[in-house]
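The structure appears right after this line, and notes come after that.
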Amino acid sequence: MPLPSLLGVFAHPDDEALVAGGVLAAHADSGARTAVVTTTWAPDSHRAAELADAAAALGAGEPRMLGYADHRIPQSTPGRPRLCDAPLDEVIEALVRHIRQFRPEIVVTHDAYGQLTGHPDHRHTHRVTTLAFSAAGLEQLNPDAGEPWQPAALYTATHPHSALDDLGPLLAGVDKSVLSVPDEMITATVDVGPWLGRKWQAILAHRSEVAKQRPLPALLSRLPEPTRNRIIGTEYFSRLNPEKSASGLAQLAV
């Protein structure tokens, strides 16, 4: 039986591989439909080409990019506003359109912290995704964005306090913040060991990030393989909307 269809909504090319690459690969391998929406960077940029390679490794199809500028790299999309500066309703409608087109059973996005480092684009992507998740099912909202579709579950990719033994010092060593949640907030802990090779291939596809010093793909690439595998071998998620007891369709691979 295929796992539920899964749509990831993340801020930057490489977020999909780092925080949900294993789950995306697991769902795709089961025969489920999977896809990724990325809210920043131009579709004709070098980061978009890297994203296409990463998505192919994970079985997530062609990239879907909203094309807003990265908060810290305005030239990432010349002539477009930064994601955080764009009209809120405009961004929500763009995401609603993708949700209604793809019709996923599960949506996954960043947590409210904006993942470990609290990047402004991560935080804002969390906000607009939670709003679009609700709006997609309401027929009188965004009527030009397609037929209403209400996904069954919304999960945020996150990190519990107990999972920072290797990752916390790694990020602190390059002066990045380390934002994690209490362990009891985790509702799905996924061992992605069977898909670790494909997840790492997807991370390495973001070549421009691996070539730098401070981004997480670069930091991971300099680690011994056993340490790296401990860090990327488990993915953690918190479910935001209530469970629906009548169906198991809303469960992530566990």
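Using this note's numbering, the first residue of the sequence shown is number 3, and each one after it goes up by one.
Glycine is no exception: its CB is placed at the ideal position from the N, C-alpha and C atoms.
In the DSSP assignment, residue 123 falls within the alpha helix (DSSP H) that extends over 122 to 137.
Distance from the CA of residue 22 to the CA of residue 81, rounded to the nearest whole angstrom, comes to 30 Å. Annotation: the continuous alpha helix (DSSP H) that includes residue 29 extends over 17 to 31.
With respect to residue 179, residue 161 sits apart: the two C-beta atoms are not nearer than 8 Å.
Around the Cβ of residue 140, a 10 Å sphere holds fewer than 16 other Cβ atoms; the residue is exposed. Counting every other CB atom within 10 Å of its CB across the protein chains shown gives residue 164 a total below 16, marking it as exposed. DSSP, read as helix, strand or coil, puts residue 199 in helix. The C-beta of residue 117 has 16 or more other C-beta atoms within 10 Å across all chains shown, which makes the residue buried. Judged by DSSP secondary structure, residue 229 falls within the alpha helix (DSSP H) whose first and last residues are 227 to 234. Listed in chain order, the alpha helix (DSSP H) runs fully inside the segment 132 to 219 are 169 to 174, 198 to 206 and 209 to 212, counting runs of at least 4 residues.
Cβ contact annotation for residue 214 (same chain, cutoff 8 Å, sequence separation greater than five): 220, in chain order. Counting of Cβ neighbours within 10 angstroms places residue 123 among the buried residues, the total reaching 16 or more. Of the candidates 228, 13, 128 and 28, the residue whose Cα lies closest to the Cα of residue 44 is 13. By the Cβ neighbour-count rule, residue 174 is exposed, with fewer than 16 other Cβ atoms within 10 Å of its own. Cβ contact annotation for residue 185 (same chain, cutoff 7 Å, sequence separation greater than five): 162, 163 and 164, in chain order. Residue range 108 to 112 is occupied by the beta strand (DSSP E) that includes residue 112.
Taking a C-beta distance under 8 Å as the contact criterion, residue 71 and residue 83 qualify as a contact pair. Between the alpha carbons of residue 197 and residue 76 lies a distance of about 34 Å. In the DSSP assignment, the residues bridged to residue 240 are 158. Taking a C-beta distance under 8 Å as the contact criterion, residue 237 and residue 159 qualify as a contact pair. Listed as beta-bridge partners of residue 102 by DSSP are no residues whatsoever. Here the segment 45 to 54 makes no contact with the segment 28 to 37; the two share fewer than three CB pairs at distances below 8 Å.
By the CB criterion at 8 Å, residue 253 and residue 89 fall outside the cutoff. Pairing residue 195 with residue 222, the inter-Cα distance amounts to about 16 Å.
Of the candidates 34, 126 and 151, 151 places its Cα closest to the Cα of residue 135.
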